[in-house]
Amino acid sequence: MAEHHLSNRNNTTSPTIVNEHRFRWRVVDIAVASVIGVASALIYWLVALLSAAPFPILEGIVPGLGGLFNGFWLFAGPLALIIVRKPGAGVYAEVVAAILESLLGSQWVPVETFMIGLLQGVMAELAFLVFAYRKWNLATTVLSGVSSAIGCWLYSFVTHLQAINITGSYGIIYVITTVISGATLAGCLVWYLYVAIAKTGALDHFESGRLVRMSKSSK
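Each residue of the sequence shown is one higher than the last, beginning at 4 in this note's numbering.
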(Lines of atoms letter the chains of each structure in order from A and count residues from 1; the text may use other names and numbers.)
(Lines give C-alpha, C1' and ligand atoms only; values in the text may rest on other atoms or scores of the structure.)
Protein backbone atom coordinates (compact mmCIF):
# COMPACT_ATOMS: atom_id res chain seq x y z
CA MET A 1 0.00 0.00 0.00
CA ALA A 2 2.75 2.44 0.95
CA GLU A 3 4.71 1.72 -2.24
CA HIS A 4 1.56 2.06 -4.34
CA HIS A 5 0.73 5.38 -2.66
CA LEU A 6 4.29 6.64 -3.23
CA SER A 7 4.12 5.65 -6.88
CA ASN A 8 0.84 7.54 -7.35
CA ARG A 9 2.25 10.61 -5.63
CA ASN A 10 5.31 10.60 -7.88
CA ASN A 11 3.12 10.23 -10.96
CA THR A 12 1.00 13.15 -9.81
CA THR A 13 3.88 15.56 -9.31
CA SER A 14 6.08 14.57 -12.22
CA PRO A 15 4.20 16.55 -14.93
CA THR A 16 4.78 19.76 -12.97
CA ILE A 17 8.46 18.98 -12.61
CA VAL A 18 8.71 18.21 -16.33
CA ASN A 19 6.93 21.44 -17.28
CA GLU A 20 9.17 23.53 -15.01
CA HIS A 21 12.26 21.86 -16.45
CA ARG A 22 11.00 22.47 -20.00
CA PHE A 23 11.14 26.25 -19.50
CA ARG A 24 14.27 26.45 -17.30
CA TRP A 25 17.39 27.72 -19.04
CA ARG A 26 20.62 25.81 -18.47
CA VAL A 27 24.18 27.04 -18.98
CA VAL A 28 24.42 24.98 -22.16
CA ASP A 29 21.23 26.63 -23.48
CA ILE A 30 22.74 30.09 -23.00
CA ALA A 31 26.05 28.98 -24.50
CA VAL A 32 24.55 27.49 -27.66
CA ALA A 33 22.09 30.36 -28.18
CA SER A 34 25.06 32.74 -27.82
CA VAL A 35 27.10 30.79 -30.37
CA ILE A 36 24.18 30.93 -32.80
CA GLY A 37 23.92 34.68 -32.24
CA VAL A 38 27.64 35.25 -32.79
CA ALA A 39 27.79 33.06 -35.92
CA SER A 40 24.65 34.75 -37.28
CA ALA A 41 26.16 38.20 -36.73
CA LEU A 42 29.17 37.28 -38.84
CA ILE A 43 26.94 35.89 -41.59
CA TYR A 44 24.59 38.90 -41.45
CA TRP A 45 27.55 41.26 -41.77
CA LEU A 46 29.02 39.28 -44.68
CA VAL A 47 25.67 39.08 -46.49
CA ALA A 48 25.26 42.85 -46.15
CA LEU A 49 28.57 43.30 -47.96
CA LEU A 50 27.92 40.70 -50.67
CA SER A 51 24.34 41.83 -51.37
CA ALA A 52 25.25 45.51 -51.82
CA ALA A 53 25.74 45.04 -55.57
CA PRO A 54 23.01 42.53 -56.57
CA PHE A 55 20.27 44.14 -54.44
CA PRO A 56 19.84 47.26 -56.62
CA ILE A 57 20.03 45.08 -59.73
CA LEU A 58 17.06 43.01 -58.56
CA GLU A 59 15.23 46.17 -57.54
CA GLY A 60 15.86 47.55 -61.03
CA ILE A 61 14.41 44.44 -62.67
CA VAL A 62 11.27 44.36 -60.50
CA PRO A 63 10.86 46.87 -57.65
CA GLY A 64 10.44 44.86 -54.43
CA LEU A 65 12.33 41.81 -55.71
CA GLY A 66 15.20 42.66 -53.37
CA GLY A 67 13.11 41.20 -50.56
CA LEU A 68 14.46 37.82 -51.64
CA PHE A 69 17.66 38.67 -49.73
CA ASN A 70 15.89 39.34 -46.42
CA GLY A 71 15.81 35.70 -45.33
CA PHE A 72 19.59 35.82 -44.90
CA TRP A 73 19.02 38.14 -41.89
CA LEU A 74 16.24 36.10 -40.29
CA PHE A 75 17.54 32.64 -39.43
CA ALA A 76 19.11 33.23 -35.99
CA GLY A 77 15.77 33.23 -34.16
CA PRO A 78 14.23 30.10 -35.72
CA LEU A 79 17.53 28.18 -35.47
CA ALA A 80 18.02 29.00 -31.78
CA LEU A 81 14.41 28.10 -31.02
CA ILE A 82 14.42 24.74 -32.81
CA ILE A 83 17.67 23.70 -31.10
CA VAL A 84 17.35 25.16 -27.59
CA ARG A 85 13.54 24.86 -27.42
CA LYS A 86 13.11 27.40 -24.64
CA PRO A 87 10.93 30.54 -24.69
CA GLY A 88 13.07 33.57 -25.43
CA ALA A 89 15.77 31.70 -27.36
CA GLY A 90 14.79 33.38 -30.62
CA VAL A 91 14.80 36.87 -29.13
CA TYR A 92 18.12 36.26 -27.37
CA ALA A 93 19.92 34.96 -30.48
CA GLU A 94 18.60 37.74 -32.71
CA VAL A 95 19.51 40.48 -30.22
CA VAL A 96 23.03 39.08 -29.78
CA ALA A 97 23.39 38.91 -33.57
CA ALA A 98 22.11 42.47 -34.00
CA ILE A 99 24.44 43.93 -31.36
CA LEU A 100 27.51 42.16 -32.73
CA GLU A 101 26.61 43.05 -36.32
CA SER A 102 26.54 46.70 -35.27
CA LEU A 103 29.93 46.36 -33.61
CA LEU A 104 31.35 44.81 -36.79
CA GLY A 105 30.23 47.86 -38.75
CA SER A 106 26.67 47.45 -39.97
CA GLN A 107 25.48 49.69 -42.80
CA TRP A 108 22.50 50.57 -40.61
CA VAL A 109 22.34 52.76 -37.49
CA PRO A 110 23.08 50.59 -34.38
CA VAL A 111 19.76 51.44 -32.74
CA GLU A 112 17.89 50.40 -35.87
CA THR A 113 19.88 47.18 -36.13
CA PHE A 114 19.03 46.38 -32.51
CA MET A 115 15.32 47.20 -32.94
CA ILE A 116 14.85 45.14 -36.08
CA GLY A 117 16.73 42.23 -34.48
CA LEU A 118 14.46 42.45 -31.44
CA LEU A 119 11.31 42.57 -33.58
CA GLN A 120 12.43 39.67 -35.77
CA GLY A 121 13.22 37.61 -32.67
CA VAL A 122 9.81 38.33 -31.13
CA MET A 123 8.04 37.44 -34.38
CA ALA A 124 10.06 34.21 -34.69
CA GLU A 125 8.86 33.26 -31.20
CA LEU A 126 5.18 33.74 -32.09
CA ALA A 127 5.06 30.67 -34.33
CA PHE A 128 6.10 28.44 -31.43
CA LEU A 129 4.18 30.42 -28.80
CA VAL A 130 0.81 29.75 -30.44
CA PHE A 131 1.50 26.05 -29.91
CA ALA A 132 2.68 26.67 -26.32
CA TYR A 133 6.23 25.70 -27.33
CA ARG A 134 5.18 22.09 -27.90
CA LYS A 135 5.33 21.75 -31.69
CA TRP A 136 8.87 21.38 -32.98
CA ASN A 137 8.67 20.33 -36.61
CA LEU A 138 9.35 21.53 -40.15
CA ALA A 139 5.97 23.25 -40.51
CA THR A 140 6.36 25.28 -37.32
CA THR A 141 9.93 26.23 -38.21
CA VAL A 142 8.79 27.46 -41.63
CA LEU A 143 5.99 29.39 -39.91
CA SER A 144 8.61 30.94 -37.62
CA GLY A 145 10.63 32.04 -40.65
CA VAL A 146 7.51 33.52 -42.24
CA SER A 147 6.53 35.33 -39.05
CA SER A 148 10.03 36.77 -38.70
CA ALA A 149 9.89 37.88 -42.34
CA ILE A 150 6.65 39.74 -41.72
CA GLY A 151 8.35 41.54 -38.82
CA CYS A 152 11.23 42.50 -41.11
CA TRP A 153 8.82 43.80 -43.75
CA LEU A 154 6.74 45.80 -41.28
CA TYR A 155 9.83 47.41 -39.76
CA SER A 156 11.07 48.45 -43.20
CA PHE A 157 7.84 50.22 -44.01
CA VAL A 158 7.42 51.87 -40.62
CA THR A 159 10.96 53.28 -40.54
CA HIS A 160 12.01 53.90 -44.14
CA LEU A 161 9.24 53.41 -46.66
CA GLN A 162 6.34 55.42 -45.25
CA ALA A 163 5.95 57.34 -48.50
CA ILE A 164 5.29 54.14 -50.44
CA ASN A 165 1.74 52.82 -50.47
CA ILE A 166 1.90 49.59 -48.50
CA THR A 167 -0.91 48.14 -50.65
CA GLY A 168 0.71 49.32 -53.89
CA SER A 169 2.68 47.12 -56.28
CA TYR A 170 6.00 47.65 -54.49
CA GLY A 171 4.53 46.87 -51.07
CA ILE A 172 2.85 43.70 -52.32
CA ILE A 173 5.89 42.42 -54.21
CA TYR A 174 8.22 43.24 -51.32
CA VAL A 175 6.14 41.38 -48.73
CA ILE A 176 5.73 38.36 -51.05
CA THR A 177 9.47 38.11 -51.77
CA THR A 178 10.37 38.67 -48.11
CA VAL A 179 7.95 35.97 -46.95
CA ILE A 180 9.23 33.54 -49.60
CA SER A 181 12.79 34.24 -48.48
CA GLY A 182 11.87 33.83 -44.81
CA ALA A 183 10.03 30.56 -45.41
CA THR A 184 12.88 29.15 -47.51
CA LEU A 185 16.04 30.39 -45.78
CA ALA A 186 14.90 31.00 -42.19
CA GLY A 187 12.41 28.16 -42.18
CA CYS A 188 13.03 25.17 -44.44
CA LEU A 189 16.81 25.59 -44.67
CA VAL A 190 17.10 26.13 -40.91
CA TRP A 191 15.17 22.92 -40.21
CA TYR A 192 17.45 20.79 -42.41
CA LEU A 193 20.53 22.53 -41.04
CA TYR A 194 19.41 21.66 -37.52
CA VAL A 195 18.79 18.02 -38.52
CA ALA A 196 22.23 17.80 -40.16
CA ILE A 197 23.94 19.23 -37.07
CA ALA A 198 21.97 16.93 -34.75
CA LYS A 199 22.98 13.84 -36.74
CA THR A 200 26.64 14.56 -35.96
CA GLY A 201 25.94 14.23 -32.23
CA ALA A 202 26.84 17.87 -31.54
CA LEU A 203 23.39 18.46 -29.99
CA ASP A 204 23.24 15.41 -27.74
CA HIS A 205 22.94 17.69 -24.69
CA PHE A 206 19.57 18.80 -26.07
CA GLU A 207 16.34 16.90 -26.44
CA SER A 208 16.16 18.28 -29.98
CA GLY A 209 19.44 16.55 -30.83
CA ARG A 210 18.67 13.27 -29.09
CA LEU A 211 15.32 12.92 -30.89
CA VAL A 212 17.01 13.19 -34.28
CA ARG A 213 19.68 10.68 -33.31
CA MET A 214 17.08 8.26 -31.97
CA SER A 215 15.08 8.58 -35.16
CA LYS A 216 18.22 7.93 -37.21
CA SER A 217 19.20 4.83 -35.20
CA SER A 218 15.72 3.33 -35.40
CA LYS A 219 15.81 3.28 -39.20
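Where a beta carbon is used, it is the ideal one built from N, C-alpha and C, also for glycine.
Bear in mind that the values here come from a model prediction, so they are computed numbers and not experimental data.
- In the three-state reduction of the DSSP assignment, residue 50 falls in the helix class.
- Contact check for residue 32 against residue 87 passes: the beta carbons are separated by less than 7 Å.
- For residue 115, same chain residues with a beta-carbon under 7 Å away, outside a window of 5 residues either side, are 162 in chain order.
- The shortest CA-to-CA distance from residue 39 to any of 68, 50, 54 and 81 is the one to 81.
- Under the Cβ criterion (8 Å, minimum of three pairs), the region 56–70 counts as touching the region 180–187.
- Judged by DSSP in its simplified three-state form, residue 67 adopts coil rather than helix or strand.
- For residue 65 against residue 176, the beta-carbon gap comes to about 6 Å, under 8 Å, which counts as contact.
- With at least 16 other beta carbons inside 10 angstroms of its own, residue 123 counts as buried.
- For residue 75, the closest alpha carbon among the candidates 172, 213, 197 and 151 is that of 151.
- Here residue 162 carries a helix assignment [DSSP, helix/strand/coil].
- Counting along the chain, the unbroken alpha helix (DSSP H) around residue 92 starts and ends at 92–107.
- Within the same chain, Cβ atoms closer than 6 Å to the Cβ of residue 212 are found at 201 and 206, the five residues on either side in sequence being excluded.
- Burial check for residue 142: the Cβ neighbour count within 10 Å stays below 16, so the residue is exposed.
- In the three-state reduction of the DSSP assignment, residue 88 falls in the coil class, being assigned neither a helical nor a strand state.
- Less than 7 Å divides the Cβ of residue 96 from the Cβ of residue 79.
- The three-state secondary structure of residue 202, taken from DSSP, is helix.
- A straight-line Cα-Cα distance of about 8 Å links residue 51 and residue 109.
- Your pair residue 134 and residue 90 does not check out as a contact, with CB atoms roughly 12 Å apart and the cut at 8 Å.
- CA-CA distance, residue 60 to residue 131, rounds to 36 Å.
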